[in-house]
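For reference, the structure is listed below as structure tokens.
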């Protein structure tokens, strides 16, 4: 019985360590809830460990998908960057899906806002 209890305790520790070792999104550019005075020129996702990105979708506040040069990654990496088209004033939502080295599926969502700074012309 002691052996069984010890084995269960060790297994619990291993599973706890594995769960805490999962990779996460460390940084995004634009950042979560960023308020920008002009549209960003690029989107960057930086992870705490290597992942393969399966999907990245950007939608505007009318739920229209913003087209950009995303392709699922064939090789794992920690840093991903894409050029973005000119974005109009509004709120944008980025949704991503990635796979860790152990096949663990991760998903995340963040938003950012673009406020165009219109200057007034003097007459």
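Numbering (the UniProt record's numbering), first residue to last: 1 to 123. Beta carbons are placed, not taken as given, at the ideal position from N, Cα and C, and that holds for glycine. This structure is a prediction, so every number in the text was calculated from the model and none was measured.
With DSSP run on the structure shown, which of helix, strand or coil describes residue 79? Here residue 79 refers to the residue found at position 79 when the chain shown is read from its first residue. In the structure shown, residue 79 adopts extended strand secondary structure according to DSSP, grouped into three states.
Neighbourhood of residue 95 by C-beta, 6 Å cutoff - its chain only, sequence neighbours within 5 removed: The residue given as residue 95 occupies position 95 in the chain shown. Counting only Cβ-Cβ distances below 6 Å, and skipping sequence neighbours, we find 57 and 109.
Since residue 42 sits in a beta bridge, which residues does DSSP pair it with? Taking the first residue of the chain shown as 1, we reach residue 42 at position 42. 83, per the DSSP bridge assignment.
Can you pull the DSSP bridge partners for residue 112? Here residue 112 refers to the residue found at position 112 when the chain shown is read from its first residue. Partner(s): 34 and 92.
What residue from 91, 77 and 50 has the CA that sits closest to residue 64's CA? One-based indexing of the chain shown puts residue 64 at position 64. Considering only 91, 77 and 50, the residue with the shortest C-alpha distance to residue 64 is 91.
Secondary structure at residue 15, three-state DSSP: helix, strand or coil? The sequence position of residue 15 within the chain shown is 15, counting from 1. Because the pLDDT of residue 15 is 45, which lies under 50, any placement of that residue in the model is unreliable, and the number read from its coordinates should be weighed accordingly. In this structure, residue 15 counts as helix in the three-state DSSP scheme.
With three or more beta-carbon pairs closer than 8 Å as the criterion, would you say the region 64-84 touches the region 36-48? Taking 8 Å as the limit for Cβ pairs, the verdict is that the region 36-48 does touch the region 64-84.
Find out if the Cβ-Cβ distance for the pair residue 23, residue 103 is shorter than 7 Å. Along the chain shown, read from residue 1 onward, the residue named residue 23 stands at position 23. Along the chain shown, read from residue 1 onward, the residue named residue 103 stands at position 103. Annotated as distal: residue 23 and residue 103, with beta-carbon spacing of 7 Å or more.
So, are the CB atoms of residue 53 and residue 88 less than 7 Å apart? The residue given as residue 53 occupies position 53 in the chain shown. The residue given as residue 88 occupies position 88 in the chain shown. For the pair residue 53 and residue 88, the CB atoms are not nearer than the 7 Å cut-off.
Alpha-carbon spacing of residue 128 relative to residue 86, whole angstroms: Outside the displayed span of the chain (1 to 123) sits residue 128, for which this structure offers no information.
Name the two residues that bound the continuous beta strand (DSSP E) containing residue 64. The residue given as residue 64 occupies position 64 in the chain shown. Taken as a continuous stretch (DSSP letters only), residue 64 belongs to no beta strand (DSSP E), as it is neither H nor E.
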